[in-house]
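Chains as they are written, first to last, in full-length UniProt numbering: chain F, 1 to 90; chain H, 1 to 90.
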């Protein structure tokens with residue numbers, strides 16, 4: 001499987017840096033063998049978006065803030081649909 | 001000034017993820033207006049390297065582990081040499 005690049009774009013004015021860093025670590029631990037690079041992209045305007053290889057997998061404005069489980073499932077479905085996420089899938 | 005991309009490449013087998021995440025946050029707070037993107041790139045082999053726009057500014061194998069102050073000064077010298085880092089420069 002090809003390695004992936006994950007990007008978390010988030011609004012700094014909204015004080016979402018801790019949330020972005022938290023989610024980044026969650027994804028680092030779950031996809032430690034798949035991640036080539038995981039980036040934080042500070043922006044503003046109430047943005048909180050997660051992309052995999054520049055493909056959007058989560059947008060707060062459409063879907064609300066994600067539990068890490070939901071993001072992990074969305075990424076898994078995209079990069080390795082057969083994989084079980086263990087407890088996360090329960 | 002053009003926005004910058006910072007990359008922290010680190011050995012996961014060495015358990016340096018917490019250190020990389022810590023340094024990332026230090027740099028996010030100091031260069032919040034300059035950073036377009038800050039990335040973690042998990043690797044192995046005892047690597048701990050920091051790059052700005054793909055230009056190496058710190059290499060543990062040459063320089064040892066950095067205090068954040070030293071990395072901040074190296075980045076400041078590269079992107080905005082006139083800027084004071086306040087207490088960090090004292």
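Using N, Cα and C, we set each Cβ at its ideal position, and we do this for glycine too.
Quick check on residue i: buried or exposed, where buried means 16 or more other Cβ atoms within 10 Å of its Cβ?
i, result
"residue 13 (chain F)", "exposed"
"residue 23 (chain H)", "buried"
"residue 66 (chain H)", "buried"
"residue 10 (chain H)", "buried"
"residue 78 (chain F)", "exposed"
Quick one: Cα of residue i to Cα of residue j, how far?
i, j, result
"residue 75 (chain F)", "residue 6 (chain H)", "24 Å"
"residue 82 (chain F)", "residue 21 (chain F)", "27 Å"
"residue 17 (chain F)", "residue 62 (chain H)", "31 Å"
"residue 29 (chain H)", "residue 19 (chain H)", "16 Å"
"residue 86 (chain H)", "residue 43 (chain F)", "24 Å"
"residue 55 (chain H)", "residue 4 (chain H)", "11 Å"
"residue 33 (chain F)", "residue 46 (chain H)", "17 Å"
"residue 88 (chain F)", "residue 26 (chain F)", "11 Å"
"residue 57 (chain F)", "residue 90 (chain H)", "44 Å"
"residue 59 (chain F)", "residue 31 (chain H)", "26 Å"
"residue 80 (chain F)", "residue 73 (chain F)", "10 Å"
"residue 8 (chain F)", "residue 53 (chain H)", "19 Å"
"residue 84 (chain F)", "residue 84 (chain H)", "50 Å"
"residue 15 (chain F)", "residue 15 (chain H)", "28 Å"
"residue 48 (chain H)", "residue 64 (chain H)", "9 Å"
Throw me the rounded Cβ distance for the residue i and residue j pair, which I believe falls under 8 Å.
i, j, result
"residue 71 (chain F)", "residue 38 (chain F)", "Wrong, their Cβ atoms sit about 12 Å apart, outside the cutoff."
Less than 9 Å separating the beta-carbons of residue i and residue j?
i, j, result
"residue 2 (chain F)", "residue 41 (chain H)", "no"
Quick check for students: name the residue ranges of the beta strand (DSSP E) that lie wholly in the stretch 2-50 of chain H, counting only runs of 3 or more. The qualifying runs are 4-11, 35-43.
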